[in-house]
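Q: Below: one structure in structure tokens.
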Amino acid sequence: GENVEQHPSTLSVQEGDSAVIKCTYSDSASNYFPWYKQELGKGPQLIIDIRSNVGEKKDQRIAVTLNKTAKHFSLHITETQPEDSAVYFCAAPRPGQFYFGTGTSLTVIP
Amino acid sequence: EPEVTQTPSHQVTQMGQEVILRCVPISNHLYFYWYRQILGQKVEFLVSFYNNEISEKSEIFDDQFSVERPDGSNFTLKIRSTKLEDSAMYFCASGGRGVSGNTIYFGEGSWLTVV
């Protein structure tokens, strides 16, 4: 069954501030952790991912950190912009299964 | 850039009717998935498909649902005897390799409304 918990469910930040979304997983065998962004009426789009052999990965304003010991990983968005407003989903795939977290609705207030 | 395409984008059907949702995965991908998203809720896994057979399915994917890869390019989801609660966005996804350690790419979805 599902093995990923995500929080917060909603997050509002002022434009220019940072946003952090956290996911925890249960299967210690998980070794790949993607983050998806879903804009209204569209399919989820991969924005960043991390594999278990690294602790942090950054791509411009987006970063993901992984703590394998604690079984959690986080998405960090810096200098947020209105176009960052969307629903963000994490995932911790297991063989044959690709379950998502419950999603975080991020609103960036101009 | 290769993408997953889905048709129809929106379908309205009478309760009790059968619906077929179609997907064209990315051409060199081998793993295919269907997901469901009820309005305002999370993306729920339905089924994964590899080597012409179901790899995994969730408890949602009961006898009402079936999947097929009829011609080597299309991947379809059939919903028999639709119910009101089947109204949702259905997403197809594909991946080049197994999900463990590899990502999957989503289509734009098919919005199903059962009336």
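Top line first, the protein sequences correspond to chains A and B.
With this note's numbering applied, the first sequence covers 1 to 110.
With this note's numbering applied, the second sequence covers 1001 to 1115.
Just so it is clear, CB atoms sit at the ideal spot from N, CA and C, and this is done for glycine as well.
1) Considering only C-alpha positions, which residue in the set 78/A, 43/A and 49/A is nearest to residue 64/A?
2) Of all the CB atoms in chain A, is at least one closer than 9 Å to the CB of residue 1091/B?
3) Please name the residue in 87/A, 23/A, 98/A and 13/A whose C-alpha comes closest to that of residue 78/A.
4) What's the C-alpha gap between residue 1025/B and residue 20/A?
5) Mind checking whether the beta-carbon of residue 1042/B lies closer than 8 Å to any heavy atom of the ligand COA?
6) List the residues of chain A whose Cβ lies closer than 7 Å to the Cβ of residue 1087/B, in chain order.
7) Is the number of C-beta pairs between the segment 97 to 109 of chain A and the segment 1040 to 1056 of chain B that are closer than 8 Å three or more?
8) Using a Cβ-Cβ cutoff of less than 6 Å, which residues in the same chain neighbour residue 1078/B once the five nearest sequence positions on both sides are dropped?
9) List the residues of chain A whose Cβ lies closer than 7 Å to the Cβ of residue 1027/B, in chain order.
10) Does DSSP put residue 101/A in a helix, in a strand, or in coil?
11) Please confirm whether residue 1113/B has its beta-carbon closer than 9 Å to some beta-carbon of chain A.
12) Thinking C-alpha only, which one of 86/A, 99/A and 58/A is nearest residue 11/A?
13) Are any of the Cβ atoms in chain A nearer than 9 Å to that of residue 1107/B?
14) How would you list, in chain order, the residues of chain A whose beta-carbon sits under 7 Å from the beta-carbon of residue 1104/B?
15) Does any CB atom of chain B fall closer than 9 Å to the CB of residue 134/A?
16) Is it right to say residue 84/A is buried, meaning 16 or more other beta carbons lie within 10 angstroms of its own, or is it exposed?
17) If the cut-off is 9 Å on Cβ atoms, which residues from the segment 1047 to 1074 of chain B count as contacting chain A, listed in chain order?
18) Please state the DSSP three-state secondary structure of residue 1001/B.
19) Does any residue of chain A have a CB that is nearer than 9 Å to the CB of residue 1032/B?
20) Looking only at C-alpha atoms, which of 1063/B, 1030/B and 1085/B sits nearest to residue 1004/B?
21) So, is the C-beta of residue 46/A closer than 9 Å to a C-beta in chain B?
22) Name the chain B residues that come within less than 7 Å of residue 42/A, Cβ to Cβ?
23) Give the straight-line distance between the Cα atoms of residue 1036/B and residue 1109/B, rounded to the nearest whole angstrom.
A: Looking at the atomic coordinates:
1) Nearest C-alpha to residue 64/A: 49/A.
2) Using a Cβ-Cβ cut-off of 9 Å, residue 1091/B counts as an interface residue toward chain A, since at least one Cβ of chain A sits closer than that to its own.
3) If we check each option's Cα against that of residue 78/A, 13/A comes out closest.
4) For residue 1025/B and residue 20/A, the distance between alpha carbons rounds to 32 Å.
5) The ligand COA is absent from the structure shown, which contains no ligand whatsoever.
6) Here the premise fails: no neighbours, minimum Cβ distance about 15 Å.
7) By the Cβ rule, the segment 97 to 109 of chain A counts as touching the segment 1040 to 1056 of chain B, because three or more pairs are nearer than 8 Å.
8) Within the same chain, residue 1078/B has close Cβ partners 1020 and 1066.
9) Going along chain A, no residue has its Cβ under 7 Å from residue 1027/B, so there is no contact; the nearest lies around 18 Å.
10) In this structure, DSSP gives residue 101/A a state outside helix and strand, which the three-state scheme calls coil.
11) Taking Cβ atoms only, chain A never reaches closer than 9 Å to residue 1113/B, which makes this a no.
12) Checking every option, the nearest Cα to that of residue 11/A belongs to 86/A.
13) Under the 9 Å criterion on CB atoms, residue 1107/B is classed as interfacial with respect to chain A.
14) In chain order: 98.
15) What the structure shows of chain A is the stretch from 1 to 110, and residue 134/A is not part of that stretch, so it cannot be assessed.
16) Label assigned to residue 84/A: buried.
17) Near chain A, meaning a CB-to-CB distance below 9 Å, the residues of the segment 1047 to 1074 of chain B are 1048, 1050, 1055, 1056, 1058 and 1059.
18) Assignment of residue 1001/B by DSSP, reduced to helix, strand and coil, places it in the coil class.
19) No, residue 1032/B does not count as interfacial toward chain A.
20) Selected option, being the one with the closest Cα: 1030/B.
21) Closer than 9 Å to the CB of residue 46/A there is at least one CB belonging to chain B.
22) Near residue 42/A (Cβ distances below 7 Å), the residues of chain B are 1108.
23) Distance between the alpha carbons of residue 1036/B and residue 1109/B: 9 Å.
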